[in-house]
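Residue numbers (the working numbering), protein chains in the order written: chain A, 1 to 677; chain B, 1 to 113.
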């Protein structure tokens, strides 16, 4: 007997809400650095701000021990350019990443990550995370360095990317936060930023939050804040019934929505990409050869192996070649970086003409991922190490499959049966969706070289920054943003005090937060509202955009605000939290549509297609689009893609970084530690 | 005979996670860490938690990792996912799927940790 239905059907009374209900009760907190979101970026920000001497409070919507998109574990550690075996330097690496994403990624963040990713991993090792094969489980493998025990991924020659045993990454970070005396405010969802002052003096001085179990109202005042709320989800696609398992469903954009309402500049938010959403298969849990399963042989129903090819389409004769650059190629960029591969840095891949070859009958469905054809250590690295440590795969895939009898030494895992067109990329678990089904791409807050946003005192890290990367990018950027926020806070003498305008702001916010307890009109639940907003986004901000469609879409969102959103109802604090996610989606949707209107040309790089502006990437639009909600409506501006190397900044990546790394005594190299270079 | 009640349809997924009442001691560690508050403490002390919001589960498996009693919690993929998790033994050509009635014996090799 486990479910609510079973509980009630056994004759027991309707169980009351298990936590004390404290709607409207105000709880005040005061700190130096307030970290919004305690996932991977937020945890590293908190730890490093605390190490720099600041008082730190982390606001976390979930339970901090395992929370966030990366909280369930990690198997690959990317951009570790300064590890002792790496043959790729941070400059070269960053320049290639920026080139590959068409220049639209965040230069400062990408460079900070390339400089500090390895040091951040050493921090994690000191917290108890295993990053080396000291026992020799993989001894003799080409991807293992005998001197350090480090295991490499994707490109075994250039070695900038690692494999790690990160299933307990988040509990280790959590323990470190507690050890250092970081204050954790858990099960509390951000609802707004507190902003004070005008013009040059305008700054973030705190935030408000809703306790997701008790419904209490938190007011937190701080000298500096770090936005680490990740990527908004559930904006286009929403179905709890057939949900895909790719991104944490609790990451819904309240952070960016609060930033938008506070007038913070956001960049690249017009971009979205296709998503099979609810129709995806279990991530890495069906036959595939992508990312965690990179290099796995794929065979057809008759046992014929689908070839792997290099960037020129040349068939690779051996398994080893899948992990080495092609002749004449510098280095290959790993998967999971969220940049499309360029010719220069492209990884080895499964034959991209597989769809036609299936249609012609050369390969017969179903296909299978056959790990048994790999050498034992490669097989174990994929299924035992990678699948066994990436959190969303350790239990849902490794444990579920092995308990049910799957043995990678003996069995082939079936690839789902789809239209042949969908076998063009080895990410087979992604499944097939509809063109208007989209997901958030790389949009986020615009930041400077301090990773500070356009709002003074508000820093950002991880997915909340535009054009960021995956787990190690969140970690290393959080580490840097935490230090910069602590430095900022240390320059502010006294904590912010409540003025009349603060009190007005808080009173207004409190009314907004509790409005779903007294819905106006015919009550509507959060799920129906989420699905309705999603449909507007699909229809008006989907794959085919136009000025008319976007303007209509803005009207729809605005109507929803006045009608259904005003009738939004919540039966308990949990539903009230979900209700606010939906209200945040209205802001996010509005921001996306405003940005989509402001970009006056289609773009292949940004997956952005305006029916009324079909020219692709004309030079005048190869610029970063920045939008903000100003006092009189949406404001937008275009920045050159190399804005971070133009005045007032220095002309090189290194100068900008090093001039701000003054307080940085955190490199392993600086400390002269073993394994540092 | 059991009483018949008016109840809404069971949600999809029905349960997402399942508790073994013989192993679970109702310590609520899983309730404490579930990111989505899928699980609620049972009003009766010592009893397994109630799966209140299975439709909000991410299938991250952290409840299983947090549990001190191996086997007390099982994460269950809903049928619309489990039907696609199929494998074939090379030596016999026989196919199996997650959730089938007579599965092969479990593979006891732990993940690399």
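Where a beta carbon is used, it is the ideal one built from N, C-alpha and C, also for glycine. These figures come from a predicted structure and were not determined experimentally.
Within chain A, no C-beta atom comes nearer than 9 Å to that of residue 38 of chain B; the closest sits roughly 10 Å away. The Cβ neighbour count for residue 507 of chain A, taken over all protein chains shown within 10 Å, is under 16; the residue is labelled exposed. Contact of residue 93 of chain B with chain A is not assigned, every C-beta pair being separated by 8 Å or more. Within chain A, no residue has its CB atom less than 7 Å from the CB of residue 46 of chain B, the nearest being about 13 Å off.
Within the same chain, and ignoring the five residues on either side of residue 229 of chain A in sequence, the residues whose Cβ sits closer than 6 Å to its Cβ are 36, 37, 255 and 464. Under the Cβ distance rule, residue 581 of chain A does not count among the residues neighbouring chain B, no pair being separated by less than 8 Å. Taking C-beta atoms as the reference points, residue 48 of chain A and residue 482 of chain A count as a pair closer than 8 Å.
Boundaries of the alpha helix (DSSP H) harbouring residue 40 of chain A: 40 to 51, taken from the DSSP string.
Annotation: the continuous alpha helix (DSSP H) that includes residue 92 of chain A extends over 90 to 100. Looking only at A/269, A/211 and A/60, the smallest Cα-Cα distance to residue 232 of chain A is reached by A/269. Nearest in C-alpha terms to residue 606 of chain A, of all of A/2, A/553, A/100 and A/381, is A/100.
Residue state for residue 81 of chain B is assigned as helix, using DSSP reduced to three classes. Taking the beta carbon of residue 8 of chain A as reference, the chain B residues within 9 Å of it are 5 and 7, listed in sequence order.
Pairing residue 184 of chain A with residue 577 of chain A gives a Cβ-Cβ distance that is not under 8 Å. In the three-state scheme derived from DSSP, where H, G and I count as helix and E and B as strand, residue 26 of chain B is classed as coil.
Within chain B, 58, 59, 60 and 61 have C-beta atoms less than 8 Å from the C-beta of residue 392 of chain A, given in sequence order. The residue among A/176, A/614 and A/467 with its C-alpha nearest the C-alpha of residue 271 of chain A is A/467. A Cβ-Cβ distance of about 6 Å is found for the pair residue 111 of chain B and residue 394 of chain A, placing them in contact under the 8 Å criterion. Uninterrupted alpha helix (DSSP H) stretches at least 4 residues long and entirely within the region 244 to 327 of chain A occur at 254 to 261, given in chain order.
Not a single CB atom of chain B sits nearer than 8 Å to the CB of residue 426 of chain A.
Between the region 170 to 186 of chain A and the region 63 to 83 of chain A, the count of C-beta pairs closer than 8 Å reaches three or more; the two stretches touch. When C-beta atoms of the region 146 to 165 of chain A are compared with those of the region 124 to 134 of chain A, three or more pairs fall below 8 Å, so the two segments count as touching. The residues 138 and 141, in chain order, have a CB closer than 6 Å to that of residue 377 of chain A in the same chain once the five nearest residues on each side in sequence are set aside. Non-local beta-carbon contacts of residue 273 of chain A in its own chain, meaning distances under 8 Å to residues more than five positions away in sequence, involve 438, 439, 441 and 607 in chain order. Counting of Cβ neighbours within 10 angstroms places residue 589 of chain A among the buried residues, the total reaching 16 or more.
In the three-state reduction of the DSSP assignment, residue 576 of chain A falls in the helix class, which pools H, G and I. Contact check for residue 633 of chain A against residue 263 of chain A fails: the beta carbons are separated by 8 Å or more.
Contact of residue 25 of chain B with chain A by beta-carbon distance below 7 Å is absent, the smallest such distance being about 15 Å.
Following the DSSP letters along the chain, one finds residue 29 of chain A in no alpha helix (DSSP H) but inside the beta strand (DSSP E) bounded by residues 26 to 30.
In chain B, no part has a C-beta under 7 Å from the C-beta of residue 145 of chain A; the shortest such distance is about 17 Å. Segment contact: the region 365 to 377 of chain A against the region 291 to 311 of chain A, three or more CB-CB distances shorter than 8 Å; contact assigned. In terms of Cα proximity to residue 453 of chain A, the closest of A/192, A/266, A/646 and A/6 is A/266. Less than 8 Å separates the beta-carbon of residue 105 of chain B from that of residue 405 of chain A. When the beta-carbon positions are compared, residue 432 of chain A and residue 276 of chain A come within less than 8 Å of each other.
In the three-state reduction of the DSSP assignment, residue 17 of chain B falls in the strand class, which pools E and B.
Residue 72 of chain B sits in coil when the DSSP states are folded into three classes, being neither helix nor strand.
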